[in-house]
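Visitor: Protein chains in written order, with my numbering: chain F, 8 to 249; chain D, 8 to 249.
Cβ coordinates follow ideal geometry from the N, Cα and C atoms, glycine included.
Note that the coordinates shown come from a computational prediction; the quantities given were computed from them, not determined experimentally.
Got a structure for you, written out below as structure tokens; questions coming shortly.
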DNA sequence: GACAGCATACCGACCAGTCGGTATGCTGTG
DNA sequence: CACAGCATACCGACTGGTCGGTATGCTGTC
């Protein structure tokens, strides 16, 4: 086989088989529950082969993260949602594209990074960092379009393009969790619909006055329907959340 | 000690210690990576004691889920966000309340259910079901307020109260993932801000025409700024997502 | 013959779950 | 009250199997 030095890609077929098997298994069972032997069996290779390519299981996870970035990177880079001239249309087309990917079995449309970071954020700093980089990096590809749309629609909101870009990823990650809990993409798609509606409204309609506690523009009277602030009163110091 | 039969609560101090330790460890490291020995050590009890109260690790997870429901259930049931007369204000106050809980270390404000379901949805059906029930059940407590707000504001939208209620949980779960990736609650809070803005806009402003692919009301011309539909063109069948 | 690619056999730590045992306290009966 | 009978609470050594990782060797190719 010819040996193109193509920016860390095309390293070895067996290596890729291991990475693909690992990606699939981790998406289905999580990082810790995925055994090295499972990966080898699923890839049709032996343990010796595994440790020929990866120095450890963690090393494999990092390599899988990198491969994930390359694959999803090119998928999104070449996708059709970049075509519209209007930047807002591009953002909405991105959301539509994400929605269109939500089909099939759960482990086939969920996110490797979101899955891994849940279990590793405290115990495997390197993996956490890779997941953060992947998610944040992907969000960053939306920022330019969002920023351009803000300019075009002459918006000067309290939120930033970066924050809205991250919010899209937030909704997607949350949608994956709901999809896992409910065993199918239907719920996820509905949340993506809500996300789309939000973005559309953000750019085409006047935004509500900020009447939050702890916000920069402790706005004037405005249209605050009640003036009540929920002022937590959290007697329970242990955060509780679902 | 007197023995109130108080609806499955107050079973045993040691049992609760084990459940608390398990909850904390699972929130930090995930279900699989949390060892029974870790739980025992953290609770200051022995393994014999553990298996006296729980027949297996999975049994513990289910018990922890139930305890979680009881604890968060009463936290939310007694919280102040129910006070406003206006149902929309109650929903917004709920969101504010959720935001106010986002502080401290990551494992202290993230969700046990969202964490567990990620690793167990394929391999531990009973745990998956418990997580689904917990999240969906909590979402259901919002439905009445959302529905009342829809009536009061005379909304007849394409979305349902149930779907919006689930969307709030979607954003929260996604926010927890971002918080884990970024090691702090700041990102999470920003996404909750977006969620609040969305809900506020939904009820106080005209909603955009639906111009999605695959939507029921293939609306008339309306205010569709371009008419383009991103019509996926996904040549790649393997779902890719982050 | 050097080395990438891959396999088999094996190691030692670890881990869920078991088991025999002790300590404590409650209950009813004479 | 005394005491048998029994259940609960808890301990920690042990087991059988698992898992990440290592050691070693075979094979084909440049």
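(1) When you check each C-beta in the region 116-141 of chain F against every C-beta of chain D, which residues fall closer than 7 Å?
(2) CB-CB under 7 Å to residue 34 (chain D), same chain, minus the five flanking residues each way: which ones, in chain order?
(3) Where does residue 180 (chain D) land, buried or exposed, given buried means 16+ other C-beta within 10 angstroms?
(4) With 16 as the cutoff for other CB atoms within 10 Å, does residue 63 (chain D) come out buried or exposed?
(5) Counting only beta-carbon separations shorter than 8 Å, does residue 228 (chain D) have a partner in chain F?
(6) When DSSP labels each residue in this structure, what does residue 86 (chain F) get in the three-state scheme?
(7) Would you mind giving the Cβ-Cβ distance between residue 169 (chain D) and residue 182 (chain D), rounded to the nearest angstrom? I have them listed as a contact below 8 Å.
(8) Give the single residue among F:65, F:105, F:41, F:91 whose Cα lies nearest to the Cα of residue 82 (chain F).
(9) Please list, in chain order, all residues of the same chain as residue 13 (chain D) whose beta carbon is under 6 Å from its beta carbon, the five residues on each side excluded.
(10) Take every Cβ of the region 88-95 of chain F, pair it with every Cβ of the region 155-166 of chain F, and state whether three or more of those distances are shorter than 8 Å.
(11) Consult DSSP for residue 94 (chain D) and reduce its assignment to one of helix, strand or coil.
(12) Mind checking whether residue 177 (chain F) and residue 178 (chain D) have CB atoms under 8 Å apart?
(13) Three Cβ pairs or more, each shorter than 8 Å: is that satisfied between the region 137-148 of chain D and the region 53-67 of chain F?
(14) Could you say if the region 44-53 of chain F and the region 18-30 of chain F meet the contact criterion of at least three C-beta pairs nearer than 8 Å?
(15) Residue 135 (chain D) to residue 74 (chain D), Cα distance in whole Å?
(16) Among the residues of its own chain, which have a CB less than 8 Å from the CB of residue 155 (chain F), if the five just before and after it don't count?
(17) CA-CA distance, residue 240 (chain F) and residue 21 (chain F)?
(18) Nearest chain D C-beta to residue 36 (chain F) closer than 8 Å, yes or no?
(19) Is there a Cβ of chain D sitting closer than 8 Å to that of residue 177 (chain F), yes or no?
(20) Can you check which of these residues, D:77, D:89, D:84, D:124, is closest to residue 190 (chain F) by C-alpha distance?
(21) Of all the CB atoms in chain F, is at least one closer than 8 Å to the CB of residue 60 (chain D)?
(22) Roughly how many angstroms lie between the CA atoms of residue 144 (chain F) and residue 171 (chain F), to the nearest whole one?
(23) Measuring alpha carbon to alpha carbon, tell me which of D:70, D:127, D:89 ends up nearest residue 187 (chain F).
(24) Just to make sure I have the definition right: I need the residues of chain F whose C-beta is within less than 8 Å of the C-beta of residue 180 (chain D). Which are they?
(25) Would residue 158 (chain F) count as contacting chain D if we go by Cβ distances under 8 Å?
Guide: Answer, in terms of the structure:
(1) 116, 117, 118, 120, 121, 122, 124, 125, 126, 128, 129, 130, 135, 138, 139, 141
(2) The sequence position of residue 34 (chain D) within the second chain is 27, counting from 1. Once the five neighbours on either side are set aside, the close Cβ partners of residue 34 (chain D) are 114, 117, 119, 122.
(3) To locate residue 180 (chain D), count along the second chain from 1; it is residue 173. By the neighbour-count rule (16 or more Cβ atoms within 10 Å), residue 180 (chain D) is buried.
(4) Numbered from 1 along the second chain, position 56 holds the residue referred to as residue 63 (chain D). It is exposed - the Cβ of residue 63 (chain D) has fewer than 16 other Cβ atoms within 10 Å.
(5) On the second chain, position 221 is the one that residue 228 (chain D) refers to. At residue 228 (chain D), the pLDDT of 34 sits below 50, so the modelled position is not reliable; the number obtained from the coordinates is stated separately. Judged by the 8 Å Cβ criterion, residue 228 (chain D) is not in contact with chain F.
(6) The count along the first chain starts at 1 and reaches residue 86 (chain F) at position 79. Residue 86 (chain F) falls in the coil class under three-state DSSP.
(7) Here residue 169 (chain D) refers to the residue found at position 162 when the second chain is read from its first residue. Here residue 182 (chain D) refers to the residue found at position 175 when the second chain is read from its first residue. Contact flag wrong, Cβ pair sits at about 21 Å.
(8) As a position in the first chain, residue 82 (chain F) is number 75, starting the count at 1. The option with the nearest alpha carbon to residue 82 (chain F) is F:105.
(9) As a first step, residue 13 (chain D) is located in the second chain; it is residue number 6 there, counting from the start. Residue placement at residue 13 (chain D) is poorly supported in this model, since its pLDDT is 35, which falls under 50; the coordinates are not used for a value here.
(10) yes
(11) If you number the second chain from 1, residue 94 (chain D) lands on position 87. Correct three-state label for residue 94 (chain D): helix.
(12) Taking the first chain and counting its residues from 1, one reaches residue 177 (chain F) at position 170. Taking the second chain and counting its residues from 1, one reaches residue 178 (chain D) at position 171. Yes, the pair counts as a contact, with Cβ atoms nearer than the cut-off.
(13) no
(14) yes
(15) Taking the first residue of the second chain as position 1, residue 135 (chain D) is located at position 128. Taking the first residue of the second chain as position 1, residue 74 (chain D) is located at position 67. Near 16 Å, if we compare the C-alpha coordinates of residue 74 (chain D) and residue 135 (chain D).
(16) For this step, residue 155 (chain F) is matched to residue 148 along the first chain. Within the same chain, residue 155 (chain F) has close Cβ partners 94.
(17) For this step, residue 240 (chain F) is matched to residue 233 along the first chain. For this step, residue 21 (chain F) is matched to residue 14 along the first chain. The predicted model places residue 240 (chain F) with a pLDDT of 32, which falls under 50 and marks its position as unreliable; any figure quoted below should be read in that light. Approximately 57 Å, taken between the alpha carbons.
(18) Working through the first chain from its first residue, we reach residue 36 (chain F) at position 29. Cβ-Cβ to chain D under 8 Å: yes for residue 36 (chain F).
(19) Here residue 177 (chain F) refers to the residue found at position 170 of the first chain. So yes, residue 177 (chain F) belongs to the interface.
(20) One-based indexing of the first chain puts residue 190 (chain F) at position 183. Per the Cα distances, D:124.
(21) Your numbering for residue 60 (chain D) matches position 53 in the second chain. Cβ-Cβ to chain F under 8 Å: no for residue 60 (chain D).
(22) Residue numbering aside, residue 144 (chain F) sits at position 137 when the first chain is read from its first letter. Residue numbering aside, residue 171 (chain F) sits at position 164 when the first chain is read from its first letter. Near 14 Å, if we compare the C-alpha coordinates of residue 171 (chain F) and residue 144 (chain F).
(23) Stepping through the first chain from its first residue, residue 187 (chain F) is reached at position 180. Minimum Cα distance to residue 187 (chain F) is reached at D:127.
(24) Indexing the second chain from 1 puts residue 180 (chain D) at position 173. Neighbours of residue 180 (chain D) in chain F, taken as residues whose beta carbon is under 8 Å from its own, are 180, 181, 184, 185 in chain order.
(25) Walking along the first chain from the start, residue 158 (chain F) turns up at place 151. No, its Cβ sits nowhere closer than 8 Å to a Cβ of chain D.
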